Amino acid sequence: EAGVAQSPRYKIIEKRQSVAFWCNPISGHATLYWYQQILGQGPKLLIQFQNNGVVDDSQLPKDRFSAERLKGVDSTLKIQPAKLEDSAVYLCASSLVLGYEQYFGPGTRLTVT
Amino acid sequence: QKEVEQNSGPLSVPEGAIASLNCTYSDRGSQSFFWYRQYSGKSPELIMSIYSNGDKEDGRFTAQLNKASQYVSLLIRDSQPSDSATYLCAVPLRGPNQGGKLIFGQGTELSVKP
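Protein sequences appear in the order of chains A and B. Heads up, the first sequence is in our numbering, so the first residue is 1 and it goes up one at a time. Heads up, the second sequence is in our numbering, so the first residue is 1001 and it goes up one at a time.
This is how it looks when you write it as structure tokens:
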């Protein structure tokens, strides 16, 4: 069974530029999550989708971050404009059932200079 | 009080010893608990899930849950250098509109010395 796919794996941008990340969850997983992980910390949830609806986006900085999951499968996370403090690893995860085991993709390491 | 707390370590054990990783959580009604392993530069990998009080064993790994004490632990027997990683404890938030959002501890860094 294929795991969660993410791209790109690495991205370096300058502050105030925009960037987008893509995620393809495990086949059949209805729930998709985007996390931000800063070095030395546990992952922090940014947004959670159930099919193509948002379940929780309370931690998403909506003035600069946006995410969508239009057909209930793939998802994109966008940052515009980026700030230095957005430098982190962005992780996508999926789960079969809401609230249970989540499986992570390889992540995208973002560096904002 | 943080919702999920772990000792950040580093925890250093000799090869072949038992490594004990601890986690406490604040929501007394939590029902499910997860342990993830994260190697440096990699993403978290689910290694154990536990839902009932007591022990759950999987190979060299044993998860122990005590809901009365709001405490969950992970024991690694016969520790190997390849077990050196950060171990993350995660607990879903309950309640309406939470969607089972996972709250992670800050992780415990384990180092197994040959």
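Yeah, the Cβ is synthetic: ideal placement off N, Cα and C, and Gly gets one too. Given the structure is predicted, the values throughout are model-derived calculations rather than measurements.
query                                                                                                                          : result
CB contact check: alanine 1063/B to chain A, cutoff 9 Å                                                                        : no
Chain B within 9 Å of glutamine 41/A, Cβ atoms only                                                                            : yes
Straight-line Cα distance separating valine 112/A from lysine 1101/B                                                           : 27 Å
Inter-stretch contact at 8 Å, needing at least 3 Cβ pairs: the stretch 1067-1086 of chain B / the stretch 1038-1049 of chain B : yes
Valine 1072/B versus glutamine 17/A: straight-line alpha-carbon distance, rounded                                              : 43 Å
Backbone CA spacing between lysine 78/A and isoleucine 1018/B [nearest angstrom]                                               : 43 Å
Glutamate 85/A (DSSP reduced to helix, strand or coil)                                                                         : helix
Whole-angstrom C-beta distance between tyrosine 35/A and alanine 93/A, which should lie under 8 Å                              : 7 Å
C-beta neighbour in chain A for glycine 1054/B, strict 9 Å                                                                     : no
Contact set between leucine 1162/B and chain A, taken where Cβ atoms lie within less than 7 Å                                  : Outside the shown range of chain B (1001 to 1114) lies residue 1162/B, about which nothing can therefore be said.
Simplified DSSP assignment, three categories, for serine 1012/B                                                                : strand
Delimiting residues of the beta strand (DSSP E) encompassing alanine 1092/B                                                    : Sequence check: residue 1092/B is proline here, not alanine. Looking at the DSSP string, the run of the beta strand (DSSP E) that includes proline 1092/B is 1085-1092.
Whether glycine 72/A touches glutamine 6/A by CB criterion (9 Å)                                                               : no
Interfacial residues, the stretch 37-66 of chain A to chain B, with Cβ spacing under 8 Å                                       : Gly40, Gln41, Gly42, Pro43, Lys44, Leu45, Gln48, Gln50, Val55, Asp56
Whole-angstrom distance between valine 19/A and glutamine 80/A, CA atom to CA atom                                             : 7 Å
Element boundaries [beta strand (DSSP E), containing leucine 1046/B]                                                           : 1045-1050
Aspartate 56/A, buried or exposed, once every other Cβ within 10 Å from all chains shown has been counted against 16           : buried
Outcome for alanine 1068/B when other beta-carbon atoms lying within 10 angstroms are tallied against a minimum of 16          : exposed
Bridge-paired residues (DSSP) for lysine 78/A                                                                                  : Ala20/A, Ser66/A
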